[in-house]
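Participant: Below is the structure I would like to discuss, written out as structure tokens.
In our numbering, the protein residues as written are 101 to 305.
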């Protein structure tokens, strides 16, 4: 998994990389997509012990400016996330109705999800019950493109973290899914390796 610098999180890199993929594919410079959030961060007593669904889809907007560098793009995306954390529990439908001029039934065109907590290979549950975790590849059936990124310890070297990326092919077929996956991986590498490059230059391929 690439290293991040300057206080930028990998979750931020993932969102910025997907925004660049969308810009490349759609030939637009103002992207909106959804991020799947695990809303366990509000300052509520015992929230980590609360049983029940806590995930929510949060909008991410990334407007690309001509003079914006990759580093500036990453910091812009991260600041947006911090600013909107207080309203991460708002329903998507309510956001569409109250904050946009689009139709009430507008859905997100694509979604990204990054599991920020490192996934351990083994856990010991209360009562000394052991559990081992491994990646399971399954056929996702979402009706929209969804990019899922999981961190996982390398089988060869536990000190190395692997970034597992899956992209649903249910919407546009295997060929385009593989093309987008390759483009997405490239954008992740470019953003972390060339922070001073102009973001729009990364779209040139």
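By construction, the Cβ of each residue, glycine as well, lies at the ideal position given by its N, Cα and C atoms. Quick caveat: nothing in here was measured; it's all calculated off a predicted structure.
1. I'd like to know if the stretch 156 to 166 and the stretch 130 to 138 are in contact, where contact means that at least 3 CB-CB pairs between them fall below 8 Å.
2. Rounded to a whole number of angstroms, what is the C-alpha to C-alpha distance between residue 265 and residue 104?
3. Run through DSSP, which three-state label would residue 130 get?
4. What residues in its chain sit with their C-beta under 8 Å from that of residue 155, if we drop five residues either side in the sequence?
5. Hey, residue 173 and residue 116: beta-carbon distance below 8 Å or not?
6. Can you tell me where the alpha helix (DSSP H) with residue 204 in it begins and where it stops?
7. Write down every uninterrupted run of the alpha helix (DSSP H) in the stretch 161 to 215 whose length is 4 residues or greater and which is fully enclosed by it, in chain order.
8. Relative to the alpha-carbon of residue 283, which residue among 198, 125, 185 has its alpha-carbon at the smallest distance?
9. Who does residue 265 pair with in a DSSP beta bridge?
10. Could you compute how far the alpha carbon of residue 202 sits from the alpha carbon of residue 191?
11. Under 7 Å Cβ to Cβ from residue 287, same chain only, skipping five residues before and after it: list those, please.
12. Which residues in the same chain have their Cβ closer than 6 Å to the Cβ of residue 295, if we skip the five residues on either side of it in sequence?
13. Between the C-alpha atoms of residue 291 and residue 256, what's the straight-line distance to the nearest angstrom?
14. Cα-Cα, which of 279, 186, 206 is closest to residue 307?
15. Kindly indicate which three-state DSSP category residue 299 falls into: helix, strand or coil?
16. According to DSSP, simplified to helix, strand and coil, what is residue 137?
17. Cutting at 7 Å between CB atoms, please list the residues of its own chain near residue 248, excluding the five before and the five after it.
18. Anyone know if the C-beta pair for residue 178 and residue 109 falls short of 8 Å?
19. From the DSSP output, in three-state form, read off residue 108 for me.
20. How big is the Cα-Cα spacing for residue 228 and residue 186?
21. State the DSSP-derived secondary structure class of residue 222, mapped to helix, strand or coil.
22. To the nearest whole angstrom, what separates the beta carbons of residue 289 and residue 166, a pair I think is in contact under 8 Å?
Facilitator: Reading from the atomic positions:
1. Counting C-beta pairs closer than 8 Å gives three or more between the stretch 156 to 166 and the stretch 130 to 138, which meets the contact rule.
2. Our two residues, residue 265 and residue 104, have alpha carbons roughly 17 Å apart in a direct line.
3. Three-state result, residue 130: strand.
4. Around residue 155: 136, 137, 138, 139.
5. With respect to residue 116, residue 173 sits close: the two C-beta atoms are nearer than 8 Å.
6. Looking at the DSSP string, residue 204 is not in any alpha helix (DSSP H), and its letter there is neither H nor E.
7. Within the stretch 161 to 215, the complete alpha helix (DSSP H) runs of at least 4 residues are 170 to 184, 192 to 199.
8. Closest option to residue 283, Cα to Cα, is 125.
9. 249, per the DSSP bridge assignment.
10. Going by the C-alpha atoms only, they are around 16 Å apart.
11. Around residue 287: 117, 120, 121, 302.
12. Cβ within range, chain order: 170, 171.
13. Spanning the two alpha carbons is a distance of roughly 26 Å.
14. Outside the shown range of the chain (101 to 305) lies residue 307, about which nothing can therefore be said.
15. Residue state, collapsed to three classes: helix.
16. Strand at residue 137.
17. Excluding sequence neighbours, residue 248 sits near 213, 266.
18. Yes, the pair counts as a contact, with Cβ atoms nearer than the cut-off.
19. Three-state result, residue 108: coil.
20. In this model, residue 228 and residue 186 are separated by some 38 Å (Cα to Cα).
21. DSSP places residue 222 in the strand class (E or B) of the three-state scheme.
22. Incorrect: roughly 23 Å between the Cβ atoms, too far for contact.
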